[in-house]
Every structure is written in structure tokens, then in C-alpha cells.
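Engineer:
In our numbering, the protein residues as written are 548 to 777.
#1: Which residue spans inside the region 562 to 622 form an unbroken alpha helix (DSSP H) run of at least 4?
#2: Of the residues 774, 564, 602, 569, which one's Cα is nearest the Cα of residue 585?
#3: Could you give the C-beta distance for residue 762 and residue 747, rounded to a whole number, given that I count them as a contact under 8 Å?
#4: Should residue 605 be labelled buried (16 or more other beta-carbon atoms within 10 Å of its own) or exposed?
#5: I believe residue 679 touches residue 576 by the beta-carbon criterion, under 8 Å. Please report the beta-carbon distance rounded to the nearest angstrom.
#6: What are the complete alpha helix (DSSP H) segments, minimum 4 residues, inside the region 658 to 690?
#7: Please tell me whether residue 624 and residue 636 are closer than 8 Å, where the distance is taken between their beta carbons.
#8: Under the rule that 16 or more other beta-carbon atoms within 10 Å means buried, what is residue 715, buried or exposed?
#9: Are the CB atoms of residue 717 and residue 740 within a distance shorter than 8 Å?
#10: Give the range of the alpha helix (DSSP H) segment to which residue 705 is assigned.
#11: Rounded to the nearest angstrom, how far is the Cβ of residue 613 from that of residue 677, given a contact under 8 Å?
#12: Pick from 598, 688, 621, 712: whose alpha carbon is nearest that of residue 587?
#13: Reducing DSSP to helix, strand and coil, say where residue 717 ends up.
#14: Going by the DSSP bridge assignment, what does residue 746 pair with across the sheet?
#15: With three or more beta-carbon pairs closer than 8 Å as the criterion, would you say the region 760 to 774 touches the region 650 to 666?
#16: Roughly how many whole angstroms lie between the Cα atoms of residue 601 and residue 578?
#17: Considering only the beta carbon of each residue, do residue 778 and residue 591 sit closer than 8 Å?
#18: Rounding to the nearest angstrom, what Cα-Cα distance links residue 824 and residue 758 in this structure?
#19: Between which two residues does the alpha helix (DSSP H) carrying residue 738 extend?
#20: Go ahead and pull the three-state DSSP assignment for residue 639.
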């Protein structure tokens, strides 16, 4: 692919198709690569073609890593099969199960005046674009010190490859103010990906522990995102 002629959606899918987990994980940990599933790859391809078939710059939002019921199914971060079809207009064959983080993110997207406007300005990714499970449950890359250490070179390469997709941005967002932000900030201090990382509360944390204040956090998200997009 000639990168100078490629649109963002083509470069995004090229990145995802090329994911190569060339690191050892602890024996009880399994790597989850959503793009090994043809249905997932096809749904993601159609999503990115719809919203990223251009060469516009985007601002990055970095989550943690794909989960089993969101990006692990659809290939699109924080997008469950319901919202992929009903809000993004991408028909899919997946079980229409809701996912908490996706519910919150699409409330934010709705407040941002819809997916066309939101995805015109932003690209949601993950610090680690591959997911992990232990005993059939989601595992964050930072939940196991050996996993975190082993995955770091892969994480660094993945971030750099994604930065090549869009015109460089000085600011990005961390979805998660705790361990994800702490690790990402440490990595950024070492590798200088961005001048500034703005932390936002993780969508799942909001939905599990602060749901009564959801409107407050939606407003926080939208305000900070709009300020960055100006």
C-alpha cells in the first residue's frame, strides 16, 4: 500500500491486520486478537470506511485494551454490537448484547452531536490494541507485572504505527485516570509521543460506581473534547 495515496480507514485496517503479538505472556493468560475473526474484521472495515474514508487529522483517545464484549467482538473500541448497528449504521451478525463502557461512550457521542461529528474529530484506540483474558475473564495489560513488562515493546511500536496514520497531534486523552493514565504517562515521558495527555474517568468506572452522576461525567468529557478539537 502506498501510504501517501491511502485514506485513513485503509491505514487503520492495515495496522489492525498487521498486529503481531511477538511476546511471551504468563502461562495462564491468553491473547485476544479480535481481527483473527473474519466477521469482526469485516464489521470493523465497514465502520472505518464509513467514518474515516478521508485524510483528516484526528485526536487520539486511548483506552486500556480490548474487552470481550466491546472491541473484542466488533473490532471497534468502546462499541458493542448494539451501538455498532443502531447508532453507527453498521449491520452485524453478533449477539446484540450491551456493554457498559459502550453505553457511556455513545452517550458522550450523542452529546457531541452524533458519530459523524465525533469520529470526524477523534480516533479511539487503546494503549494495548490486543486484549487479554485469564480464566475466561478480561485482563488489563497492567494487572500482571510480567505481562506489562513483556508487552511494552509491542505497545510502543503500536502507538508509533498509529501516530503515522494521522497528522501528528500534540494532545491526546487517556480513558482512565488511574493505572492506565499512570502507565501511559510514564511511557510518554520516555518516548515523547505527545506533549500532553489529558486523563478522563474510565467509562466503566463511571457506569459501575458513579452512574447517578453520569450526566456530570458526560459534560466533563464533552467539554474537554470540544476544547481540544478547537
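For every residue, glycine included, the Cβ atom is placed at its ideal position computed from N, Cα and C.
Structural biologist: Let me spell this out:
#1: 585 to 599, 618 to 621
#2: 564
#3: Wrong, their Cβ atoms sit about 15 Å apart, outside the cutoff.
#4: buried
#5: 6 Å
#6: 662 to 668
#7: no
#8: exposed
#9: no
#10: 692 to 710
#11: 7 Å
#12: 621
#13: coil
#14: 721
#15: yes
#16: 32 Å
#17: Not covered by the structure: residue 778. The range shown for the chain is 548 to 777.
#18: This structure leaves residue 824 out entirely; the chain is present only between 548 and 777.
#19: 726 to 738
#20: coil
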